[in-house]
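Step one of this worksheet: look at the structure below.
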Amino acid sequence: MRRYAAVAALWIVLLAVPWWLPLVGGYTALGTKVLVYGLAAIGLNLLMGYAGSLSFGHAAWFGLGCYGAGLVLKYVSVSTPLAIAVGTLAAGVAATLLGPLVMRKRGIYFAMITIAFGQLFYFIAVRWNEVTGGEDGLTGFARQPLHLGSLEIPLENTQLYYLVLLCFTAGVAFIAWLLRSPLGHTWVSIRENRRRAQFLGVGTDLFIWAAFAVSGLVTGLAGALNALLFNFASPQDLHYTLSGNFAIMVVLGGMRSFWGPLVGVVIFVVAQDYLSSLTRNWMTFIGLLFIAIVLLFPKGILGVLGHRRRRV
Amino acid sequence: MQLLLFNATNGLIQGVFYALMALGLALILSLNSVVNFAHGGFLLIGAYLAFTLMPYVGFWGGLILGPICAAILGLVAERVLVRPLYKRPDPIYSLLMTFGLALVMEDVVRTVWGAEGLPFTVPDWLNSPISQALFFITRYRLLVIAITIVAALGLYALLRFTRIGMRIRAGTRDLETVSTMGVDIYRLRALNFGLGCLFAGLAGVLAAGILGLTPTMGASLLMPSFVAIIVGGVGSLPGAVLGGLLIGLASGVTSTYYPAASEAVIFLIMAVVLIVRPRGLLGEEGLFE
């Protein structure tokens with residue numbers, strides 16, 4: 152009962168963001184960014200926290216979503232739904248294709264290969280100047296009004312926020328549904344003891360592949376929304392630094408909890424926004440934040456809270 | 022033909038730096054079980070400190086002191102930051118910690134020495150090419166290769182013929198057993214981490230003479246070194262060297278024919294290796310699988 156109340160409260164807070172966020176000194180686009188990154192982080196946590204495979208290359212899927220959506224808007228069609236769909240699918244298909252190369256690997260090795268493959272897409276984006284705009288990023292597209300039948304909805308900041316919230320809800324519901332299914336329980340069993348799952352006849356590699364693909368797909372959706380939010384796709388959206396940021400957001404919020412990544416994103420995005428306006432050396436502070444979280448706060452915020460509650 | 026030779030040599034020199042980085046990374050990866058994202062940071066420290074010290078201790082002094090400073094800093098970082106993480110089986114923590122450390126180190130270097138590139142002067146007689154036709158083979162480049170060979174052979178001798186090397190090799194197999202035999206594995210891992218950082222510093226000093234000093238040089242050398250380890254085979258030091266040279270050469274040769282793909286090609290090689298031979302060229306079967 153308490154869980155449902157908490158989730159309902161969360162949704163009320165999210166629905167009301169355009170009203171209360173400006174009151175506390177934020178702006179709606181910041182709320183949209185939190186949702187976008189939150190979706191990406193929850194998508195990553197499916198693989199990291201639930202299936203137990205540490206991907207350090209999720210910026211690749213995020214960036215593919217960005218570039219996919221941006222390229223559609225720029226070269227193909229000015230349809231927002233098509234852009235979102237193509238961006239999402241581009242990431243999903245790429246993750247599905249690369250999955251077999253990484254699914255057998257474990258632990259650090261899995262992380263290393265995903266980092267390296269992530270950089271492949273970064274270099275493609277930087278070097279394929281004519282199409283992607285190279286180092287400067289992909290510009291020259293803008294999000295278009297939504298057409299529902301004869302109804303035209305302009306995508307100003309507030310409307311965009313609700314569109315992103317809708318996609319966020321769809322993505323999160325999809326993941327929650329998967330995690331409650333037998334598939335989700337199998338992922339957790341692989342995380343807990345891969346060899347035992349194998350002995351029980353579970354084809355663990357295929358399950359990791361599935362987790363990798365779904366995770367990439369959801370993160371790609373987040374990326375496509377990111378392109379709409381900024382009307383811009385940057386090579387930085389593909390860089391491994393962003394992969395690291397996603398991973399630290401997940402850990403900060405709590406890897407073992409469903410909503411943990413969202414909490415981590417809120418804190419991280421706000422901290423980054425604040426620090427980069429405050430000092431030129433914000434990189435040092437972000438780095439120190441990484442170190443502090445790892446050394447002092449490994450279970451994450453929701454992890455610690457959940458643990459306390461269970462003990463009481 | 023000359024262009025191809027020119028690019029191949031450039032690629033090979035790059036490959037030497039990848040190989041040096043990958044050697045240190047592989048050492049740390051196999052015994053400390055840490056993917057050292059801060060390796061590029063130690064490279065920076067080695068290179069910049071050598072640059073700062075050179076007016077006082079001369080070129081050769083800097084060449085020696087830079088890597089040593091990187092190693093000492095590595096020992097400190099290991100003691101303070103990495104050691105608390107050995108108890109945690111999940112590799113994400115060491116990965117994220119070194120990732121943060123890399124950010125801090127790069128930013129500190131940028132703040133202290135500036136974001137602009139600095140000229141790293143190599144003595145004139147070293148910078149002269151060995152012949153007119155082979156203008157791209159300077160004495161300095163030969164020196165880089167010679168030092169790398171000496172360093173790699175030195176590492177081999179250390180691991181093969183000394184007691185501490187034997188313990189490191191044994192520790193990569195089964196750390197627990199080594200510990201029960203009365204070896205202080207904390208000190209062993211600390212030494213190993215420092216040794217890895219020594220190689221990072223060496224790569225930094227040598228690379229600075231060719232690529233110049235910039236705060237991003239560490240990060241840009243790091244990623245190919247990861248690829249080098251994967252291509253060569255995780256757990257194999259000769260594999261790391263081979264992988265580094267191979268992708269450097271491939272990148273150089275590709276830049277002759279299709280410059281835009283000179284980075285992408287190394288990932289292509291990695292993908293092919295992972296499909297054809299998932300353990301890497303010289304890797305052992307079953308490691309991390």
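One line per chain: the protein sequences are A and B, in this order.
Position one of the first sequence corresponds to residue 152 (the numbering used here), numbered consecutively onward.
Position one of the second sequence corresponds to residue 22 (the numbering used here), numbered consecutively onward.
Virtual Cβ for every residue (Gly too), placed ideally from N, Cα, C.
Everything numeric in this text was worked out from a predicted model, so none of it was measured.
{"Query": "Simplified DSSP state of Ala136 (chain B), which is helix, strand or coil", "Result": "coil"}
{"Query": "Supposed close pair Pro412 (chain A), Asn196 (chain A) - CB separation, criterion 8 Å", "Result": "5 Å"}
{"Query": "At least three beta-carbon pairs within less than 8 Å, the stretch 159-178 of chain B to the stretch 95-110 of chain B", "Result": "no"}
{"Query": "Neighbour flag for Ile399 (chain A) against chain B, beta carbons, 7 Å", "Result": "yes"}
{"Query": "CB of Ser283 (chain B) within 7 Å of CB of Ser272 (chain B), strictly", "Result": "yes"}
{"Query": "In DSSP terms, what Glu303 (chain A) is bridged to", "Result": "A:His298"}
{"Query": "Leu302 (chain B) (DSSP reduced to helix, strand or coil)", "Result": "coil"}
{"Query": "C-alpha gap between Leu263 (chain B) and Phe272 (chain A), whole angstroms", "Result": "25 Å"}
{"Query": "Any C-beta of chain B under 7 Å from that of Met434 (chain A)", "Result": "yes"}
{"Query": "Whole alpha helix (DSSP H) elements within the stretch 168-203 of chain A, 4-residue minimum", "Result": "168-171 and 179-196"}
{"Query": "Per-residue DSSP class, three states only, for Val463 (chain A)", "Result": "Note on Val463 (chain A): pLDDT 49, under 50, position unreliable in the model; the coordinate value appears next. Residue state, collapsed to three classes: coil."}
{"Query": "Chain A contacts from the stretch 285-305 of chain B (Cβ-Cβ distance under 9 Å)", "Result": "Ala285, Ile287, Phe288, Leu289, Met291, Ala292, Leu295, Ile296 and Pro299"}
{"Query": "Opposing strand residues paired with Ala384 (chain A) [DSSP bridges]", "Result": "A:Leu289"}
{"Query": "Test: Val248 (chain B) CB closer than 7 Å to a CB of chain A", "Result": "yes"}
{"Query": "Candidates A:Leu446, A:Ser408 and A:Asp424, of which the one nearest Leu453 (chain A) by Cα", "Result": "A:Ser408"}
{"Query": "Test: Met263 (chain A) CB closer than 7 Å to a CB of chain B", "Result": "yes"}
{"Query": "Any C-beta of chain A under 7 Å from that of Leu227 (chain B)", "Result": "no"}
{"Query": "Buried versus exposed, by CB contacts within 10 Å (16 or more), Val158 (chain A)", "Result": "exposed"}
{"Query": "Leu294 (chain A) and Thr231 (chain A) closer than 7 Å at C-beta", "Result": "Reading off the sequence, residue 294 (chain A) comes out as Arg, not Leu. Taking 7 Å as the Cβ cut-off, Arg294 (chain A) and Thr231 (chain A) qualify as a contacting pair."}
{"Query": "Ala373 (chain A) versus Trp212 (chain A): straight-line alpha-carbon distance, rounded", "Result": "9 Å"}
{"Query": "Residue-level contact to chain B via CB, Phe363 (chain A), 7 Å cutoff", "Result": "no"}
{"Query": "Option in B:Met75, B:Tyr69, B:Leu302 and B:Val78 with minimal Cα separation from Gly135 (chain B)", "Result": "B:Tyr69"}
{"Query": "Within chain B, partners of Trp279 (chain A) - CB distance below 8 Å", "Result": "Ala281"}
{"Query": "Any C-beta of chain A under 7 Å from that of Met118 (chain B)", "Result": "yes"}
{"Query": "Chain B within 7 Å of Ile326 (chain A), Cβ atoms only", "Result": "no"}
{"Query": "Ordered list of alpha helix (DSSP H) runs contained in the stretch 122-201 of chain B, each at least 4 residues", "Result": "145-148, 160-182, 184-194 and 196-201"}
{"Query": "Distance, Gly87 (chain B) Cα to Trp81 (chain B) Cα", "Result": "10 Å"}
{"Query": "Three-state class that DSSP yields for Leu234 (chain B) in the structure shown", "Result": "strand"}
{"Query": "Contact set between Phe268 (chain A) and chain B, taken where Cβ atoms lie within less than 9 Å", "Result": "Phe288, Met291 and Ala292"}
{"Query": "Contact set between the stretch 53-87 of chain B and chain A, restricted to residues whose Cβ is under 9 Å from the partner", "Result": "Ser54, Val55, Val56 and Phe58"}
{"Query": "Pick from B:Val129, B:Val293, B:Gly225 and B:Ala261 that is closest to Ala43 (chain B), judged by C-alpha positions", "Result": "B:Ala261"}
{"Query": "Burial state of Ala324 (chain A), where buried means 16 or more other Cβ atoms lie within 10 Å", "Result": "exposed"}
{"Query": "Simplified DSSP assignment, three categories, for Leu351 (chain A)", "Result": "coil"}
{"Query": "Contact residues within the stretch 334-348 of chain A, judged by C-beta distance below 7 Å to chain B", "Result": "none"}
{"Query": "Contact list for Gly451 (chain A) against chain B, beta-carbon separation under 9 Å", "Result": "Under the 9 Å cutoff, chain B gives no residues; its nearest Cβ is about 11 Å from Gly451 (chain A)."}
{"Query": "Cutoff 6 Å; reference Ala245 (chain A); Cβ partners in own chain excluding five residues on either side", "Result": "Leu215"}
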